[in-house]
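A.B. asks: Counted the way this note's numbering counts, the sequence shown spans residues 993 to 1218.
This is the structure, below, for whatever I ask next.
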Amino acid sequence: MPLTEQDFAALRLTLELASLTTVLLLLIGTPIAWWLARTRSRLKGPVGAVVALPLVLPPTVLGFYLLVLMGPHGPVGQLTQALGLGTLPFTFAGLVVGSVFYSLPFVVQPLQNAFEAIGERPLEVAATLRAGPWDTFFSVVLPLARPGFVTAAILGFAHTVGEFGVVLMIGGNIPERTRTVSVQIFDHVEAMEYAAAHWLAGGMVVFSFLVLLALYTSRRARPALG
């Protein structure tokens, strides 16, 4: 059974969501990971625990509280309404917000590990050459942490593609607006359209395998890059 127009629409939406979410996660996750890798503050533990919460929370729990916060009576929802933006639930923007929260640890933790692996020596050498903090970060830290950024981008993108509970709670099931591949597969199964579900589910299996293959290949190549 070939893919339908709704299947392709779900695929396009999922790729758009995963791409935008990955970019935002790298922008948001980089300073958080850098702070966690460098700080000696007592807040490091609590902040790290908050970032890692999506690893242990059921997606529906996270989705529920985000729905409450962003709903018309929640603080975020009241703020967005006051700004004339309406409410975020059941919109693509709401899916992006939920995806960023849900996939945050999959980006922050690889980046934090990469920053910690750099050590103090390269930073001390840059300081002796009178490099400023920004120059040191972009000229020294980012190149040395490149494998961590590759891993973070791959995991963030793949994890967003595979979301179900969070996107269903926040986005519902609106065709071409919030219906992702995982929700489309669920719809096919509910309608007992198993052939269509096989096409999409099989594609997800292949995609997941290729993601893991790329991840492990990049890890094996790291010594050669050094």
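Each residue gets a CB set at the ideal place from its N, CA and C atoms; glycine is no exception.
Just so you know, these numbers come straight off a predicted model, no measurement behind them.
Going by alpha carbons, who is nearest to Gln998 out of Leu1192, Thr1128, Val1088 and Gly1055?
C.D. replies: Here the closest residue by C-alpha is Leu1192.
A.B. asks: How is the alpha helix (DSSP H) around Gly1148 delimited, first residue to last?
C.D. replies: Arg1138 to Val1153 is the extent of the alpha helix (DSSP H) around Gly1148.
A.B. asks: Whose C-alpha, out of Leu1115, Leu1016 and Val1039, is nearest the C-alpha of Leu1231?
C.D. replies: There is simply no residue 1231 to check, as the chain begins at 993 and stops at 1218 in what is shown.
A.B. asks: With H, G and I counted as helix, E and B as strand and the rest as coil, what does DSSP make of Leu1059?
C.D. replies: Note: Leu1059 maps to helix in three-state DSSP.
A.B. asks: If you draw a straight line from the C-alpha of Val1092 to the C-alpha of Arg1122, how long is it?
C.D. replies: The alpha-carbon atoms of Val1092 and Arg1122 are separated by roughly 36 angstroms.
A.B. asks: Mind checking Ile1166: buried by the 16 CB within 10 Å criterion, or exposed?
C.D. replies: Classification for Ile1166: exposed.
A.B. asks: Counting only the same chain and skipping the five closest in sequence on each side, list residues whose C-beta sits under 8 angstroms from that of Leu1207.
C.D. replies: Excluding positions up to five away in sequence, the list reads Thr1143, Ile1146 and Leu1147.
A.B. asks: Mark Val1197 as exposed unless 16 or more other C-beta atoms lie within 10 angstroms of its C-beta, in which case mark it buried.
C.D. replies: Its Cβ having fewer than 16 others within 10 Å, Val1197 is exposed.
A.B. asks: Give the C-beta separation of Pro1114 and Leu1136 to the nearest angstrom, bearing in mind that I take them to be a contact with Cβ-Cβ under 8 angstroms.
C.D. replies: Correct: roughly 6 angstroms between the Cβ atoms.
A.B. asks: Please state if the CB of Ser1095 and the CB of Pro1139 are separated by a distance shorter than 8 angstroms.
C.D. replies: For Pro1139 and Ser1095, no; Cβs fall outside 8 angstroms.
A.B. asks: If contacts are defined as beta-carbon pairs under 8 angstroms, then Ala1002 and Arg1171 qualify, I think. What distance do you get, rounded to the angstrom?
C.D. replies: The Cβ separation is near 5 angstroms, so the contact holds.
A.B. asks: Using only CA atoms, which one of Val1158, Gly1154 and Glu1008 lies nearest to Leu1054?
C.D. replies: Of Val1158, Gly1154 and Glu1008, the residue nearest in Cα terms is Val1158.
A.B. asks: Roughly how many whole angstroms lie between the Cα atoms of Met1062 and Leu1005?
C.D. replies: Looking at the two C-alpha atoms, the distance is approximately 21 angstroms.
A.B. asks: Just the Cα atoms here: how many angstroms apart are Leu1087 and Ser1174?
C.D. replies: Computed Cα separation, rounded: 13 angstroms.
A.B. asks: When you compare only the Cα positions, how much space is there between Glu1185 and Gln1176?
C.D. replies: Near 11 angstroms, if we compare the C-alpha coordinates of Gln1176 and Glu1185.
A.B. asks: Less than 8 angstroms between the beta carbons of Val1100 and Ala1118, yes or no?
C.D. replies: For Val1100 and Ala1118, no; Cβs fall outside 8 angstroms.
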